[in-house]
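Worksheet: one structure, shown below.
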Amino acid sequence: MMHNLMEHIRGGISHSIEQAIRTLATAGELPGDVVDVLSGAEVPLEVPKDPRHGEFASPIALAIAKRAGKPPREVASLIARELMASAERRYVEAAEIAGPGFINFRLSKQWVADSVALIRSRGSEYGRCDFGRGERVMVEFVSANPVGPLNVVNARAAAVGDTLVRLLKAAGYDAASEFYVNDAGRQVEVLAESVYARYMELKGDDYAFPEDGYRGEYVRDIAAGAMEDPRIADRLSAMNAGEARSFFREYALGHILDWQKRSLAEYQVHFDKWFSERELRATGAVETMIGEMEAAGHTYREDGALWFRSSDFGDDKDRVLVKSDGLYTYVAPDLAYHKNKLSRGFTKLVDILGPDHHGYEGRMQAGLKSFGYPDGTLEVLLLQLVTLMREGQPVKMSKRAGEFITMDDLLEEVPRDAARYFFVMRNTSSHLDFDLDLARAQSMDNPVWYIQYAYARCCSIFRQAEAAGISSDDWASADLTLLAEPSELDLVRKMAAFPDEVLSAALERAPSRIAKYGLDLASVFHSFYSECRVIGDDVALTMARLALVDAAKTVVANALNVMGIEAPERM
RNA sequence: GCGCCUGUAGCUCAGGGGAUAGAGCAACGGACUUCUAAUCCGUGGGCCGCAGGUUCGAUUCCUGCCAGGCGCGCCA
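Just add 4 to wherever you are in the first sequence, counting from 1, and you've got this note's numbering.
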């Protein structure tokens, strides 16, 4: 079944241009060697920024003019003439020469009608395609250490990661999301020690708080929570220091993990799997991997440590796998984890990391390369920082001073839909200024409201139609060729671009494209709404416009859905 | 010093070899007896950081420089 009309038409035009050039070359109107330019890729067709230049434009004449030995505009008109004489004409109404030698293609009313009909028949599937052919992709994101609350960059990662997974699924990939839980490292011991210290303090014992301990209030709360539970308090009083620390490690870990899971669930971010580093280690996967690396000669011993020759595989320098004290650095289990992902059948891995992890990529890439996986198996998406803005001023955050805004704090302050949209609306590689006042604002300035309002307006029109005794059967067979106003065509054009937009966003790993698209779509819809009265005296036109609004409602909903944002029927 | 990211309208940012570089906000001026004015329409506003290079064509690609952010552990 066709799912992208624009793609279909583009392919047809490209093919026709190629045929036209071949015909002209054979007929001697163009030199024979111009066809060399055609070898390989499809003839380029772009969507002009300015709609006056038609639905498609080809710069092919500019590219081959030199070889053809004729001015670009002359080459363009030869091609256009040949093309219009031979091409299939269901959708192409005219091919015009413009500017320095572009061939602009204007599409027919049939295209408008078929576009709207396609959207209405595909419904919530509109925008999806099978490009990925079921390739298994794993997106790992957030993966915050289980030693404290989720922060604002984690919230950005959650929104971006979740949207990317939805995009990949829409593009036909078998995409899965995973949260890697670092529950085995030194930091977990530091957490245990921190909670234990607070426990001793609450008991009134003199006990030094660890130098590098976690000083957040939550650490004290966890200790207090344990003491307030009589059954736990009893057991604790019978434990020696080692046993108590060990108890607190598990107790705190469980609490914090639950907390993180709850925060993300509230944020509507779902993970297919929470993968425990501890469980990975328990399988012996790390030892096995290191054994294989040693056997392959990718390691050496120096200063009592075991090193990975990562610089042989593109890293800046070699990395320690096993420290001189016999413990692993994070590199060893992390590499084993990535190997594990691939062993589960994923052929493509995407890691979404915070800006402080950029050095990490070289190590992981080197590791996977040394294991023999092809380049491009792992893609790292580095998120840049988030600055919260309040009243036009950056919100100062200092861990030391305890002025720290967590993801939970943020979600208490701004609605979930707004937070998700704001985190996704910028390029991942750009710093993000998050305007708290704007995200909270119930006004036209707020882009989330603006898009949601477009959906609500569609619903409102249908409520009116129903009140007027019009049912969906009445417009199912509307004459869609009646849609001809500029604002109607702008809307159709924008909706027709949605499948391309979804695919590009997925392939470029650029969720921000969909955020932008949603805003643009809402904008053309609102223009249409004020330009064209939908329910009016002209019955045929009313039906055509109801069908158009039905399509718009679908596309707005699909765009919001891919970002995990609600589409409200009333506002 | 090295690495990553970013320099586009007053502000926040899109775009990413192609036609006259876009949007929102801010400023100014208009539009509701009609499906939600939470909206729409219009006006002004730009050496696309600087300098070279690649080519039919560069804001876009390459190199160098300048500026800002972040990072550079046998921490994760």
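Think of the CB as a built atom: it goes at the ideal place given N, C-alpha and C, for glycine as much as any other residue.
The model shown is predicted, which means the values in this text are computed figures rather than measured ones.
Exercise. In the DSSP assignment, find the alpha helix (DSSP H) that holds residue 232 and state where it starts and stops.
Key: Within the first sequence, numbered from 1, the residue matching residue 232 stands at position 228. From DSSP, the alpha helix (DSSP H) with residue 232 extends over 221-232.
Exercise. Specify the secondary structure class of residue 409 as computed by DSSP and reduced to three states.
Key: For the purposes of this step, residue 409 is identified with residue 405 of the first sequence, where counting begins at 1. Of the three classes helix, strand and coil, the one that applies to residue 409 here is coil, per DSSP.
Quiz prompt | With 16 other Cβ atoms within 10 Å as the buried cut-off, status of residue 304 | solution = Translated into positions along the first sequence, residue 304 becomes position 300. Exposed, because fewer than 16 other Cβ atoms sit within 10 Å of the Cβ of residue 304.
Exercise. Using the DSSP secondary-structure output, state which residues sit across from residue 577 in a beta bridge.
Key: Here the chain covers residues 5 to 575 and nothing more, so residue 577 does not appear.
Quiz item: Within the chosen definition, does the segment 490-498 reach the segment 531-538 through at least 3 CB pairs nearer than 8 Å?
Solution: yes
Exercise. Give the single residue among 65, 95, 556 whose Cα lies nearest to the Cα of residue 111.
Key: Looking up residue 111 in the first sequence gives position 107. Closest by alpha carbon: 95.
Self-check item: Backbone secondary structure at residue 260 - three-state DSSP
Solution: By 1-based counting over the first sequence, the position of residue 260 is 256. Here residue 260 sits in helix by DSSP.
Practice problem: Along the beta strand (DSSP E) that carries residue 108, what are the first and last residues, could you check? | Solution: To locate residue 108, count along the first sequence from 1; it is residue 104. Note, residue 108: beta strand (DSSP E), 106-111.
Quiz item: If we count Cβ pairs, one from each stretch, closer than 8 Å, do we get three or more for the segment 335-342 versus the segment 355-373?
Solution: yes
Practice problem: Kindly provide the ranges of any alpha helix (DSSP H) runs that are 4 or more residues long and lie completely inside the segment 389-448, ordered along the chain. | Solution: 411-417, 420-428, 440-444
Exercise. List the whole-angstrom C-beta distance separating residue 141 from residue 350, where the pair is believed to meet the contact cut-off of C-beta under 8 Å.
Key: For the purposes of this step, residue 141 is taken as the residue at position 137 of the first sequence. For the purposes of this step, residue 350 is taken as the residue at position 346 of the first sequence. Right, the Cβ-Cβ distance comes to about 7 Å (below 8 Å), so this counts as a contact.
Self-check item: Assumed close pair residue 152, residue 222 - CB separation to whole angstroms, cut-off 8 Å
Solution: Position 148 of the first sequence, counted from the start, is the residue given in the question as residue 152. Position 218 of the first sequence, counted from the start, is the residue given in the question as residue 222. Indeed, because the Cβ distance is near 7 Å, the residues count as touching under 8 Å.
Self-check item: Option in 31, 21, 170 with minimal Cα separation from residue 514
Solution: Residue mapping note: residue 514 aligns to position 510 of the first sequence, counting from 1. Among 31, 21, 170, the Cα nearest to that of residue 514 belongs to 170.
Quiz item: What whole-angstrom Cβ distance do residue 135 and residue 175 have, given they're in contact under 8 Å?
Solution: Within the first sequence, residue 135 is the residue found at index 131, counting from 1. Within the first sequence, residue 175 is the residue found at index 171, counting from 1. Right, their Cβ atoms sit about 5 Å apart.
Self-check item: Distance CB(residue 345)-CB(residue 293) smaller than 7 Å
Solution: For the purposes of this step, residue 345 is identified with residue 341 of the first sequence, where counting begins at 1. For the purposes of this step, residue 293 is identified with residue 289 of the first sequence, where counting begins at 1. Not a contact, by the Cβ cut-off of 7 Å.
Quiz item: Buried or exposed: where does residue 215 fall if 16 or more other Cβ atoms within 10 Å of its Cβ makes it buried?
Solution: What you label residue 215 is simply residue 211 of the first sequence in a count that begins at 1. Flag for residue 215 reads exposed.
Practice problem: Closer than 6 Å by C-beta to residue 321: which residues in its own chain qualify, once you throw out the five before and the five after it? Chain order, please. | Solution: Taking the first sequence and counting its residues from 1, one reaches residue 321 at position 317. These residues qualify, in order along the chain: 315.
Practice problem: Mind checking which residues open and close the beta strand (DSSP E) that includes residue 140? | Solution: On the first sequence, position 136 is the one that residue 140 refers to. That run of the beta strand (DSSP E) goes 140-144.
Self-check item: Three or more C-beta pairs below 8 Å linking the segment 518-529 and the segment 83-92
Solution: no
Quiz item: Who are the Cβ neighbours of residue 524 in its own chain at under 8 Å, not counting the five residues just before and after it?
Solution: Walking along the first sequence from the start, residue 524 turns up at place 520. Around residue 524: 498.
Self-check item: Where residue 197 sits in the DSSP three-state scheme
Solution: As a working note, residue 197 is residue 193 in the first sequence. Looking at residue 197 - three-state DSSP - the assignment turns out to be helix.
Self-check item: Helix, strand or coil at residue 321 [DSSP, three-state]
Solution: In the first sequence, residue 321 corresponds to position 317, counting from 1. It is coil, neither helix nor strand.
Quiz prompt | Residues bridged to residue 352 (per DSSP) | solution = Position 348 of the first sequence, counted from the start, is the residue given in the question as residue 352. DSSP output for residue 352 lists 141 as bridge partner(s).
Exercise. Take residue 11 and list the residues in its own chain whose beta-carbon comes closer than 6 Å to its own, dropping the five residues that flank it on each side.
Key: Walking along the first sequence from the start, residue 11 turns up at place 7. Taken in chain order, the list of residues that qualify is empty.
Practice problem: Taking 7 Å as the cut-off, decide whether the C-beta atoms of residue 228 and residue 213 are in contact. | Solution: Translated into positions along the first sequence, residue 228 becomes position 224. Translated into positions along the first sequence, residue 213 becomes position 209. Taking 7 Å as the Cβ cut-off, residue 228 and residue 213 do not qualify as a contacting pair.
Quiz item: Does the segment 541-549 come within contact of the segment 474-486, defined as at least 3 CB pairs closer than 8 Å?
Solution: yes
Exercise. Mark residue 131 as exposed unless 16 or more other C-beta atoms lie within 10 angstroms of its C-beta, in which case mark it buried.
Key: Here residue 131 corresponds to residue number 127 of the first sequence, with the count starting at 1. Under this definition residue 131 is a buried residue.
Quiz prompt | Delimiting residues of the beta strand (DSSP E) encompassing residue 384 | solution = Position 380 of the first sequence holds residue 384. First-last of the beta strand (DSSP E) with residue 384: 382-386.
Quiz prompt | According to DSSP, residues forming a beta bridge with residue 278 | solution = Numbered from 1 along the first sequence, position 274 holds the residue referred to as residue 278. Paired residue(s): 183.
Quiz prompt | Separation of residue 295 from residue 308, as counted between CA atoms | solution = Counting from one through the first sequence, the residue named residue 308 turns up at place 304. Counting from one through the first sequence, the residue named residue 295 turns up at place 291. Cα to Cα, residue 308 sits roughly 17 Å from residue 295.
Quiz item: Which residues does DSSP pair with residue 155 in a beta bridge?
Solution: To locate residue 155, count along the first sequence from 1; it is residue 151. Its beta-bridge partners are 410.
Quiz item: Ordered along the chain, which non-local residues of its own chain (more than five positions away) have a Cβ less than 6 Å from that of residue 236?
Solution: The count along the first sequence starts at 1 and reaches residue 236 at position 232. Closer than 6 Å at Cβ, skipping near neighbours: 230.
Exercise. Could you check the C-alpha separation between residue 203 and residue 224 for me, to the nearest Å?
Key: Taking the first residue of the first sequence as 1, we reach residue 203 at position 199. Taking the first residue of the first sequence as 1, we reach residue 224 at position 220. Spanning the two alpha carbons is a distance of roughly 7 Å.
Quiz prompt | Nearest-angstrom beta carbon gap, residue 66 and residue 14 [assumed within contact, 8 Å] | solution = As a first step, residue 14 is located in the first sequence; it is residue number 10 there, counting from the start. As a first step, residue 66 is located in the first sequence; it is residue number 62 there, counting from the start. Between residue 66 and residue 14 the Cβ distance is about 18 Å, and since that is not below 8 Å, they are no contact.
Quiz item: Apart from the five residues on each side of it in sequence, which residues of its chain come closer than 7 Å, Cβ to Cβ, to residue 38?
Solution: As a first step, residue 38 is located in the first sequence; it is residue number 34 there, counting from the start. Cβ within range, chain order: 25, 29, 68, 71, 72.
Quiz item: What residue from 474, 139, 78 has the CA that sits closest to residue 540's CA?
Solution: For the purposes of this step, residue 540 is identified with residue 536 of the first sequence, where counting begins at 1. Ranking 474, 139, 78 by Cα distance to residue 540 puts 474 first.
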